[in-house]
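What follows is a single structure, written as structure tokens, with notes after it.
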Amino acid sequence: METTLETEDRQAQARQLAEKTTFSVLIALSFTHLLNDTIQSLIPAIYPLVKDSLTLSFSQVGLITLTFQLSASILQPLVGLYTDKRPQPYSLAIGMGFTLIGLLCLAMAHSFPIVLVSVALVGVGSAVFHPEASRLAYMASGGRHGMAQSLFQVGGNTGSSLGPLLAAAIIVPFGQPSVAWFSLIALLAIFVMLRISKWYLSNTDRIKPKKKSEHHAAIQLSKGKVAFALFILLLLIFSKYFYMASLTSYYTFYLIGKFNVSVQHSQIYLFVFLFAIAAGTFIGGPIGDRIGRKYVIWISILGVAPFALLMPHANLFWTVILSVFIGVILSSAFSAILVYAQELVPGKVGMIAGLFFGFAFGMAGVGSALLGELADRTSIYYVYEVCAYLPLIGLLTGFLPNIEGSRKK
């Protein structure tokens, strides 16, 4: 029988372990996020190829996007809810296995239904990856949750920016079958994920002490107040990703139409914006750890408003400069919002991560579709004038409860 002293000693060792930041795991998670999101970003690159080869309509192309977004977003909170109760150390590799099968099917797809099944499989892989990888980042953070989430997120943003470049270099010249070459990326991801899973399996105590020693003010809030705070956070995600969709999906068209720049130059300006997003993603988390996440949310959502409102009236030089400020400031929001939500609902790290990643994916997809429809009915310039007001939704941050108190780090 274990004595009381031995039990206390074991619990003390577990707490000390949980307080250590494991950067090797965080870097590996960021790398796998890069690989996962690189694969995801390839899907839009094949649209022109399959549209011509399968004689698809624009509506069918839209259905491909919808299928991918739904499989990637709706399943995420369900996966997170399940793994909160029953942790699955090897689920990352299993999820990437779905992605691998989806890629191979996509490379050989010669009918519209097979394309839908293929992108759905890639979406399922993403749905499994994000909540579990976010939980692992939380476990490896050593209490520096914002920093850990930012490091995790910056890998994904980097992968999203690399995907189109790889697609332009490989898929466009060599055709749809060349998608199969990217299965090598999936295999590399599976190899790294299996190594991470071994660490996960031997370090589950890192997250268990938090459930017993949790002392955030969040547990003093009523369920109604917690639900209201989560609703506000989801509205902020809506604001961020609808506005971000206007830039990531239509920025090149805006620059070409308004300033008559070439396609090549518009792509360069887009990558300047994407690089700003990656920088802002990494900055937001550590700052939130130090000064408080609510302040970062204030700054990152509402702080974009002046730049967004100026952009539709700026010349080319200032449009590019404003886009950099917008990318850096706005992208710092997600890590702060996610960790704030996880602190609101302690013990539900995976479910909250799945909910917010899934909602963000969904809003990005719906936003792109609705803004495209608005641009068809009006103009791309009108889209930017309307979207400029979305960051003002950041005023709702004032309704969020103060759950953090003073920071020690």
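Read left to right, the sequence shown gives residues 978 to 1386 (the numbering used here). Note that beta-carbon positions come from the ideal geometry of N, C-alpha and C, so glycine has one too.
| How long is the line joining the alpha carbons of G1339 and W1176, rounded to whole angstroms? | Indexing the sequence shown from 1 puts residue 1339 at position 362. Indexing the sequence shown from 1 puts residue 1176 at position 199. Going from the Cα of G1339 to the Cα of W1176 covers about 31 Å.
| said: If you measure between the beta carbons of P1154 and A1084, is that distance less than 7 Å? | reply: Locating residue 1154 in the sequence shown gives position 177, where the first residue counts as 1. Locating residue 1084 in the sequence shown gives position 107, where the first residue counts as 1. Yes, the pair counts as a contact, with Cβ atoms nearer than the cut-off.
| task | Look at the Cβ atom of G1140, then the Cβ atom of T1015, and state whether they are nearer than 7 Å. | result | Translated into the one-based positions of the sequence shown, residue 1140 becomes position 163. Translated into the one-based positions of the sequence shown, residue 1015 becomes position 38. Closer than 7 Å, so yes.
| said: Considering only their Cβ atoms, is the gap separating A1117 from L1003 smaller than 7 Å? | reply: Indexing the sequence shown from 1 puts residue 1003 at position 26. Indexing the sequence shown from 1 puts residue 1117 at position 140. Against a cut-off of 7 Å, the Cβ pair of A1117 and L1003 comes out as a contact.
| field | Supposed close pair G1331, Q1053 - CB separation, criterion 8 Å | value | Numbered from 1 along the sequence shown, position 354 holds the residue referred to as residue 1331. Numbered from 1 along the sequence shown, position 76 holds the residue referred to as residue 1053. Between G1331 and Q1053 a beta carbon distance of about 4 Å is seen, short of the 8 Å cut, so the two are scored as contacting.
| Buried or exposed by the 16-neighbour rule on C-beta atoms within 10 Å, applied to I1245 | In the sequence shown, counting from the first residue as 1, residue 1245 sits at position 268. That one is exposed.
| field | When Y1067, Y1231, P1066 and G1375 are compared against M1288, the one with the closest alpha-carbon | value | Stepping through the sequence shown from its first residue, residue 1288 is reached at position 311. The shortest C-alpha to C-alpha distance from M1288 to any of Y1067, Y1231, P1066 and G1375 is the one to Y1231.
| Should R1063 be labelled buried (16 or more other beta-carbon atoms within 10 Å of its own) or exposed? | Position 86 of the sequence shown, counting from 1, holds the residue named residue 1063. That one is exposed.
| task | Under the assumption that L1279 contacts L1372 (Cβ atoms under 8 Å), give the Cβ distance between them as a whole number of angstroms. | result | Start at 1 with the first residue of the sequence shown, and residue 1279 comes out as number 302. Start at 1 with the first residue of the sequence shown, and residue 1372 comes out as number 395. The Cβ separation is near 6 Å, so the contact holds.
| Contact belief for P1108 with S1174 at Cβ below 8 Å, rounded distance in angstroms | Taking the sequence shown and counting its residues from 1, one reaches residue 1108 at position 131. Taking the sequence shown and counting its residues from 1, one reaches residue 1174 at position 197. With a Cβ gap of about 15 Å, P1108 and S1174 do not count as contacting.
| query | Curious, which full-length alpha helix (DSSP H) runs of at least 4 residues does the stretch 1260-1344 contain? | reply | 1270-1274, 1282-1287, 1293-1308 and 1310-1321
| message | Suppose the cutoff is 6 Å on Cβ atoms and the five residues either side in sequence are ignored; what does the same chain contact list for R1112 look like? | response | To locate residue 1112, count along the sequence shown from 1; it is residue 135. The residues are V1326 and G1327.
| query | Does the stretch 1347-1361 come close enough to the stretch 1218-1226 that 3 or more CB-CB pairs lie under 8 Å? | reply | Three or more beta-carbon pairs drawn from the stretch 1218-1226 and the stretch 1347-1361 are found closer than 8 Å, and the two stretches are therefore classed as touching.
| query | DSSP on S1030, reduced to helix/strand/coil? | reply | For the purposes of this step, residue 1030 is taken as the residue at position 53 of the sequence shown. Three-state result, S1030: helix.
| Nearest to F1045 by CA position, among V1322, T1258, G1335 and T1296, is which residue? | Here residue 1045 is taken as the residue at index 68 of the sequence shown, counted from 1. That would be G1335, whose Cα lies nearest to the Cα of F1045.
| task | Out of G1123, V1238, G1136 and F1168, state which residue places its alpha-carbon closest to the alpha-carbon of V1316. | result | As a working note, residue 1316 is residue 339 in the sequence shown. Nearest C-alpha to V1316: G1123.
| said: The alpha helix (DSSP H) that contains N1013, what's its start and end? | reply: Walking along the sequence shown from the start, residue 1013 turns up at place 36. Element bounds for N1013: F1000 to Q1017.
| said: So the candidates are A1005, D1353, Y1024 and A1049; which of them puts its Cα closest to the Cα of Q1037? | reply: If you number the sequence shown from 1, residue 1037 lands on position 60. It is Y1024.
| field | Buried or exposed (CB count within 10 angstroms, at least 16 for buried), Q1197 | value | Residue 1197 sits at position 220 when you count from the first residue of the sequence shown. So Q1197 ends up on the exposed side.
| query | What span of residues does the alpha helix (DSSP H) with R1172 cover, start to end? | reply | The sequence position of residue 1172 within the sequence shown is 195, counting from 1. Membership of R1172 in the alpha helix (DSSP H) is indicated by the continuous run S1160 to S1179.
| query | What three-state label does DSSP hand T1229 in the structure shown? | reply | Position 252 of the sequence shown holds residue 1229. The answer is helix: DSSP assigns T1229 an H, G or I state.
| query | Between the C-alpha atoms of K1217 and V1105, what's the straight-line distance to the nearest angstrom? | reply | Here residue 1217 refers to the residue found at position 240 of the sequence shown. Here residue 1105 refers to the residue found at position 128 of the sequence shown. Looking at the two C-alpha atoms, the distance is approximately 23 Å.
| request: Would you mind sorting K1200 into buried or exposed? The rule is 16 or more other CB atoms within 10 Å of its CB. | output: The sequence position of residue 1200 within the sequence shown is 223, counting from 1. Exposed.
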